[in-house]
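When you line the sequence shown up against our numbering, it's residues 84 to 158, in that order.
Below is one structure, written out as structure tokens; comments come after it.
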Amino acid sequence: MSLIDSINEADTLFQKVPVIDLKNIKTKDPEVRKALVEEVRNACMVVGFFYAAREFFSLPVDTKMKARRIWSRRS
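Here you go:
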């Protein structure tokens, strides 16, 4: 889909903010990654933005902070 096609469809397709589950963002499976990338691309092309959903965001703050410390050590 071209940018022009996306813009033309935006008026008819946008009913609600797209919610995209990012649970597979680090998968090694190329087909799963391709599907996620396509979903994000379509949301950005048609609507212009999306809501990133992931179970991590619903965790208590102290649990998220522990995870953040673990991930920062790995970088």
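Quick reminder that beta carbons are idealized off the backbone N, C-alpha and C, glycines included.
Quick caveat: nothing in here was measured; it's all calculated off a predicted structure.
Distance between residue j and residue i (C-alpha atoms, nearest Å)
| i | j | result |
| --- | --- | --- |
| Gly-131 | Asn-107 | 22 Å |
| Arg-137 | Glu-121 | 18 Å |
| Cys-127 | Pro-101 | 9 Å |
| Asp-98 | Ser-141 | Note on identity: in this sequence residue 98 is Gln, with Asp being the wrong assignment. Near 25 Å, if we compare the C-alpha coordinates of Ser-141 and Gln-98. |
| Pro-113 | Lys-147 | 28 Å |
| Arg-124 | Pro-143 | 30 Å |
| Leu-119 | Val-129 | 15 Å |
| Ala-135 | Lys-149 | 21 Å |
| Asp-194 | Leu-105 | It is not possible to answer for residue 194, since the shown part of the chain is limited to 84 through 158. |
7 Å CB neighbourhood of residue i in its chain, flanking five on each side removed
| i | result |
| --- | --- |
| Thr-72 | Past the boundaries of the shown model lies residue 72; the chain is included only from 84 to 158, so the question cannot be answered. |
6 Å CB neighbourhood of residue i in its chain, flanking five on each side removed
| i | result |
| --- | --- |
| Phe-133 | Pro-101, Ile-103 and Ala-126 |
Please specify which runs of the alpha helix (DSSP H), each continuous and at least 4 residues long, are wholly inside the stretch 93-135, giving them in chain order. Taking 4 residues as the shortest admissible run, the stretch 93-135 contains the following complete alpha helix (DSSP H) segments, listed from N- to C-terminal end: 113-129.
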